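In terms of this note's numbering, the sequence shown opens at residue 42 and continues consecutively. Using N, Cα and C, we set each Cβ at its ideal position, and we do this for glycine too. Please read all numbers here as calculations on a predicted model, not as lab measurements. I have placed the structure first, in the form of structure tokens, so that the comments after it can refer back to it.
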Amino acid sequence: MKRLKFLFTAFLTALLTITLVTACNSGTSTSGGGAGRTLTMATSADYPPYEFIDTSSGSQEIVGFDVDIAKFITEKLGYELKIDNVDFNALIPTLQSKRADFVMAGMTPTEERKQNVDFSQIYYEAKNAIVAKTGAGLATVASLNGKTLGVQLGSIQEQAAKDFQGANVKALNRINEMIQELKAGRIDAILMEDTVAKGYIASNPDLEINVLPNEGEAGSAVAFPKGSELLGEFDPIISELKSSGELEKLINKWFGSDTPAA
Ligand code: ARG
């Protein structure tokens, strides 16, 4: 009888331990089980309408298309969201050193990046464009021969520009630095994404945009540290965003209705 009682107590203790351990781990493993754990998203908030600092409210809050998607996903999964603003070129190292749980930064899932981080499905497609002074006649890749072309350091545009015959490539950290360099005449043109260029051009009538035909890798996806379990949690919610029409709503909100979804 005594032995039975002992076995029973041992069994109960074991059960309790398992329950406690499972409860503590659920934030990292099961879908919908975020349990209030905070996820850190890293981004480069120089990329309206994807992510930018909202100066109008005086709060310096980071807002945009990516932020709305991140909020939707983390809320659905029961996580709190914290956003860190770092240079675009530092985003992948930030994931590799686990200083962030995921990156949303209009980031394109390239083969090269896939060696260092994992990507979700693509949630939005985009094109490249040349931005130059109005009337400069820089509308095609061929016209950039002998010209100095600004690109964001570490971006797919930097990679693409290096393949343009005869163009001198100048890589800078932030998009607004490139716009300043262009206006000051220190570079002749910028290679950047069309939708983002539109926003910058709206406030700079002396600049014009020429959209290039799509070639190579394009589109945006969420990036995670290699092997992160979050990928398996995020991807179904992205599918849900697409099928429910919620993504289309966010695209209309941030890009206007003329821009197609991924
Ligand atoms: N789509 C391009 C890339 O992945 C540019 C993204 C730049 N993003 C930013 N937040 N500045 O390389």
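- Distances from the CA of residue 173 to each of 89, 138 and 251 were compared; the closest alpha carbon is that of 251.
- Each of 85, 88, 129, 146, 147, 148, 149, 196 and 197 has a C-beta closer than 5 Å to some heavy atom of the ligand ARG; these make up the full list, in chain order.
- Per DSSP, residue 102 lies in no alpha helix (DSSP H); the unbroken beta strand (DSSP E) holding it starts and ends at 102-104.
- The residue from 176, 198 and 188 with its alpha-carbon nearest to that of residue 168 is 198.
- By the Cβ-count criterion, residue 193 is buried, with 16 or more other Cβ atoms from all chains shown falling within 10 Å of its own Cβ.
- Taking the Cα positions, residue 201 is about 42 Å away from residue 76.
- Three or more Cβ pairs closer than 8 Å define a contact, and the segment 122-131 meets that threshold against the segment 208-225.
- By the neighbour-count criterion, in which a residue is buried when 16 or more other Cβ atoms sit within 10 angstroms of its Cβ, residue 227 is exposed.
- At a Cβ-Cβ threshold of 8 Å, residue 164 and residue 261 count as neighbours.
- Excluding sequence positions up to five before and after residue 266, its CB lies within less than 7 Å of the CB of 136, 137, 139 and 158, all in the same chain and listed in chain order.
- Contact between residue 84 and residue 124 holds: CB atoms are separated by about 6 Å, below the 8 Å threshold.
- According to the DSSP assignment, residue 191 belongs to the beta strand (DSSP E) that extends over 189-193.
- C-alpha of residue 225 to C-alpha of residue 295: approximately 29 Å in a straight line.
- Beta bridge pairing from DSSP links residue 158 with 266.
- Bridge partners of residue 76 according to DSSP: none are assigned.
- Excluding residues up to 5 positions away in sequence, 171, 173, 185, 188, 229, 230 and 251 lie with their Cβ nearer than 8 Å to the Cβ of residue 179 in the same chain.
- Residue pairing by DSSP puts residue 92 in a beta bridge opposite 88.
- Annotation for residue 239: the continuous alpha helix (DSSP H) segment containing it runs 235-243.
- In the same chain as residue 147, and ignoring 5 residues on each side of it, the C-beta atoms closer than 6 Å to its own belong to 88, 91 and 261, in chain order.
- For a cut-off of 8 Å, the C-beta gap from residue 81 to residue 177 is around 42 Å, too long to register as a contact.
- The beta carbon of residue 247 sits closer than 8 Å to those of 174, 175 and 224, all from its chain and outside the five residues before and after it, given in chain order.
- Within the same chain, and ignoring the five residues on either side of residue 297 in sequence, no residue has its Cβ closer than 7 Å to its Cβ.
- For the set 103, 241, 208 and 117, the Cα lying nearest the Cα of residue 181 is the one of 208.
- DSSP assignment within the segment 112-160 yields the following whole beta strand (DSSP E) runs of 3 residues or more, N-terminal first: 121-126.
- Sixteen is the threshold: when 16 or more other Cβ atoms of the shown chains lie within 10 Å of the Cβ of residue 161, as they do, the residue is buried.
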